[in-house]
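Residue numbers (this note's numbering), protein chains in the order written: chain A, 25 to 322; chain B, 25 to 322.
Even for Gly, the Cβ is constructed at its ideal location relative to N, Cα and C.
There are 2 protein chains.
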Amino acid sequence: MKKHITEQFKVLQDTICQALENTDGKAKFQQDLWERPAGGGGRTRVIKKGKIIEKGGVNFSAVWGKTPTKILKVLELPEADFYATGVSIVLHPKNPYVPIIHMNIRYFEMSDGTFWFGGGIDLTPHYIDLKQAQFFHQQLKEVCDRHHPEYYTKFKKWADDYFYLKHRSETRGIGGIFFDHLKETKEKNKVQLFDFVIDIGSIFIPIYTHLMKASKDLPYGEIEEDWQKTRRGRYVEFNLIWDKGTKFGLDTNGRTESILMSLPPLASWEYDFKPKPNSKEAQTQALLRKGIDWINIK
Amino acid sequence: MKKHITEQFKVLQDTICQALENTDGKAKFQQDLWERPAGGGGRTRVIKKGKIIEKGGVNFSAVWGKTPTKILKVLELPEADFYATGVSIVLHPKNPYVPIIHMNIRYFEMSDGTFWFGGGIDLTPHYIDLKQAQFFHQQLKEVCDRHHPEYYTKFKKWADDYFYLKHRSETRGIGGIFFDHLKETKEKNKVQLFDFVIDIGSIFIPIYTHLMKASKDLPYGEIEEDWQKTRRGRYVEFNLIWDKGTKFGLDTNGRTESILMSLPPLASWEYDFKPKPNSKEAQTQALLRKGIDWINIK
Numbered sequence: 025m026k027k028h029i030t031e032q033f034k035v036l037q038d039t040i041c042q043a044l045e046n047t048d049g050k051a052k053f054q055q056d057l058w059e060r061p062a063g064g065g066g067r068t069r070v071i072k073k074g075k076i077i078e079k080g081g082v083n084f085s086a087v088w089g090k091t092p093t094k095i096l097k098v099l100e101l102p103e104a105d106f107y108a109t110g111v112s113i114v115l116h117p118k119n120p121y122v123p124i125i126h127m128n129i130r131y132f133e134m135s136d137g138t139f140w141f142g143g144g145i146d147l148t149p150h151y152i153d154l155k156q157a158q159f160f161h162q163q164l165k166e167v168c169d170r171h172h173p174e175y176y177t178k179f180k181k182w183a184d185d186y187f188y189l190k191h192r193s194e195t196r197g198i199g200g201i202f203f204d205h206l207k208e209t210k211e212k213n214k215v216q217l218f219d220f221v222i223d224i225g226s227i228f229i230p231i232y233t234h235l236m237k238a239s240k241d242l243p244y245g246e247i248e249e250d251w252q253k254t255r256r257g258r259y260v261e262f263n264l265i266w267d268k269g270t271k272f273g274l275d276t277n278g279r280t281e282s283i284l285m286s287l288p289p290l291a292s293w294e295y296d297f298k299p300k301p302n303s304k305e306a307q308t309q310a311l312l313r314k315g316i317d318w319i320n321i322k
Numbered sequence: 025m026k027k028h029i030t031e032q033f034k035v036l037q038d039t040i041c042q043a044l045e046n047t048d049g050k051a052k053f054q055q056d057l058w059e060r061p062a063g064g065g066g067r068t069r070v071i072k073k074g075k076i077i078e079k080g081g082v083n084f085s086a087v088w089g090k091t092p093t094k095i096l097k098v099l100e101l102p103e104a105d106f107y108a109t110g111v112s113i114v115l116h117p118k119n120p121y122v123p124i125i126h127m128n129i130r131y132f133e134m135s136d137g138t139f140w141f142g143g144g145i146d147l148t149p150h151y152i153d154l155k156q157a158q159f160f161h162q163q164l165k166e167v168c169d170r171h172h173p174e175y176y177t178k179f180k181k182w183a184d185d186y187f188y189l190k191h192r193s194e195t196r197g198i199g200g201i202f203f204d205h206l207k208e209t210k211e212k213n214k215v216q217l218f219d220f221v222i223d224i225g226s227i228f229i230p231i232y233t234h235l236m237k238a239s240k241d242l243p244y245g246e247i248e249e250d251w252q253k254t255r256r257g258r259y260v261e262f263n264l265i266w267d268k269g270t271k272f273g274l275d276t277n278g279r280t281e282s283i284l285m286s287l288p289p290l291a292s293w294e295y296d297f298k299p300k301p302n303s304k305e306a307q308t309q310a311l312l313r314k315g316i317d318w319i320n321i322k
């Protein structure tokens, strides 16, 4: 089944890249194949200077070998071999009214036979549009509900808690869903868990192409561009300070350029920047908090 | 003596701000006074959009109270009160030929009477000029040599090891000196250690105003600006991923805006960027490694 999951993840990467190129209408993905000396490798695909996407990546990897000591410590596991495969996406759009999106699905297996899935999709709008936020969460809820009545509530809260900049007391964006260590239970066998994960991967394109098309032609000027660069600065802060995946990748000598493809093309920092009261920027800033019920917000 | 050290650090902050304003000729520092709820506070002084300095900060703080659990753990100390004071500087110049500079001096005291000093100055040129690199290290060596024949060698190596981006296998810049836990010995009493630290603080202005003036009017274009933004991106990576001071400050609920004043006004990330072979950029890139004897380089 490991092989089947890996193949399906590759197919998903292909499908997503193709759909993004079609919607963007200009830029094409460039592929870097890489090998991990200790086992496995990946297909890093990056896109830049598109009509809609300014910079982004859709990465696939499948790596294996001796489990790094750091993971064994964190997971409190005895020495063992591991196998890990996943698809990871971050897209930074050009138009500040199009949101930044992140998606990741992953499968992890140990040589003792234990395995689990992880993943999620979350959205970081530079400007929060309540209807789009509602649409985004509604789509995720529908997928979750098809698989388990508690998934959405649980994984939505997990995303709120995970994508959080503690040093700023603000969320990275409007969250989404996030889950890890999703293991086989009496209720759900491996095939059913994988179905759920693939459904998450498959909802990415309908969701994001909708958001791309919805806002790509909205007019903007210097104010919006400046705000976008500030929000991207916060994105950098989250990824480099708090994101466990980034930290783990860099700690275990992962491929730096593949890990840091998530960083934006251009970001800015201004000392103690605060949006003008009652501005669009202040409205978004006020919504960067945990626990908002985006589906029922008015 | 704690009081004397604190006062001298404040005087140094005043002197440095005044001298930087004079040399810049346009921008003025803005001051934010802040209080730490658990004890102490600081004077954050930031400057922006100067003729020479695009963004920077010269911060003073003196904080005290119960030692945060995280420090006690790292230092393997029993519960105790602490007192910490310091001056911290990061300056991002506008002209890519003027280097980024960082300086920090600090004093730490525990309620059981133990105390130590830390600090250093290091330089991050966007373009490494060998004569300026030599000048910079020569200046630091002269100050060090006045206090101890081994200081320069030891602290130069410490800076090489500390200001290192492990995930890129490159140094942040040309290093400088770095030291921590500098404690009283038979050779050096507290007053002598403080003299050394103040000498480090006092060499900052002659060094940096020299470098500011030397390159502020050199012509540059888009290539140099792009490279500057890339190097600033690396600066962000170091500070958010590896810098212990930043991590510690954010972990212990320090004042976020004072800690992150070190981040540049504008930084960029391009996937797998490599400078053109034999370009000025490639020459600098090749010099971003540990162990270079800058004083005797040709």
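- Beta bridge pairing from DSSP links B/Glu59 with B/Gly65.
- Contact annotation: B/Met285 and B/Val70 have beta-carbon atoms nearer than 8 angstroms.
- In this structure, B/Glu248 places its C-beta atom within 8 angstroms of the C-beta atom of B/Pro120.
- For A/Leu290, the closest alpha carbon among the candidates A/Met25, A/Gly80 and A/Thr39 is that of A/Gly80.
- The beta carbon of B/Gly245 sits no closer than 8 angstroms to any beta carbon of chain A.
- The continuous stretches of beta strand (DSSP E) do not include A/Ser286, and DSSP gives it neither H nor E.
- In the three-state reduction of the DSSP assignment, B/Pro243 falls in the coil class, being assigned neither a helical nor a strand state.
- Around the beta carbon of B/Met25, fewer than 16 other beta carbons sit within 10 angstroms, so the residue counts as exposed.
- Residue-level contact check: A/Tyr131 does not touch chain B, since none of the beta carbons of chain B fall below 8 angstroms from its beta carbon.
- Sequence-distant partners of B/Gln252 (beyond 5 residues in either direction) whose C-beta falls short of 6 angstroms from its own C-beta, in its chain, are Pro120 and His150.
- By the Cβ criterion, the segment 309-318 of chain A is in contact with the segment 179-189 of chain A, since at least three pairs of Cβ atoms, one from each stretch, lie closer than 8 angstroms.
- B/Gly144 is bridged by DSSP to B/Asn128 and B/Phe202.
- Secondary structure of A/Pro117 (DSSP, three-state): strand.
- For chain B, the residues of the segment 286-307 of chain A that bring a beta carbon within less than 8 angstroms of one of its beta carbons are Leu287, Pro288, Pro289, Leu290, Ala291, Ser292, Trp293, Glu294, Tyr295 and Asp296, in chain order.
- In the three-state reduction of the DSSP assignment, A/Trp293 falls in the coil class, being assigned neither a helical nor a strand state.
- Contact check for B/Phe159 against B/Ile198 fails: the beta carbons are separated by 8 angstroms or more.
- For the C-beta of A/Glu281, the chain B residues within less than 8 angstroms are, from N- to C-terminus, Tyr295 and Asp296.
- Between A/Lys72 and chain B, the shortest Cβ-Cβ separation is below 8 angstroms.
- Shortest Cα-Cα distance from A/Phe202 to any of A/Ile224, A/Ser282 and A/Val114 involves A/Ile224.
- Spatial neighbours of A/Phe139 in its own chain (CB-CB distance under 6 angstroms, excluding positions within 5 residues in sequence) are listed in chain order as Glu133.
- Beyond the five residues adjoining it in sequence on each side, B/Tyr232 comes within less than 6 angstroms, by CB distance, of Ile125 in the same chain, given in chain order.
- Closer than 8 angstroms to the CB of A/Leu115 there is not a single CB belonging to chain B.
- Burial check for B/Asp105: the Cβ neighbour count within 10 Å stays below 16, so the residue is exposed.
- The segment 257-269 of chain B makes no contact with the segment 85-96 of chain B: fewer than 3 CB pairs, one atom from each, lie closer than 8 angstroms.
- B/Phe297 counts as exposed, since fewer than 16 other beta carbons sit within 10 angstroms of its beta carbon.
- Within the same chain, Cβ atoms closer than 6 angstroms to the Cβ of A/Thr308 are found at Tyr151 and Ile152, the five residues on either side in sequence being excluded.
- Between A/Glu281 and B/Tyr295, the CB-CB gap stays under 8 angstroms.
- Taking the Cα of B/His116 as reference, the smallest distance to any Cα among A/Lys52, A/Ser303, A/Asp204 and A/Trp293 is reached at A/Trp293.
- If you look at B/Glu31, you'll find it in the alpha helix (DSSP H) that goes Lys26 to Asp48.
- A/Asp48 counts as buried, since no fewer than 16 other beta carbons sit within 10 angstroms of its beta carbon.
- A distance of 8 angstroms or more separates the beta carbons of B/Ile76 and B/Lys178.
- A Cβ-Cβ separation of about 5 angstroms places A/Phe141 in contact with A/Val221 under the 8 angstroms criterion.
- Rounded to the nearest angstrom, the Cβ distance from A/Met127 to A/Phe228 is 5 angstroms, consistent with a contact under 8 angstroms.
- Here DSSP, grouped into helix, strand and coil, assigns A/Lys180 to helix.
- Within chain A, no C-beta atom comes less than 8 angstroms from the C-beta of B/Glu249; the nearest is roughly 12 angstroms away.
- Annotation: Cβ neighbours of B/Leu264 in chain A (cutoff 9 angstroms, chain order): Val260, Glu261, Asn263, Leu264 and Ile265.
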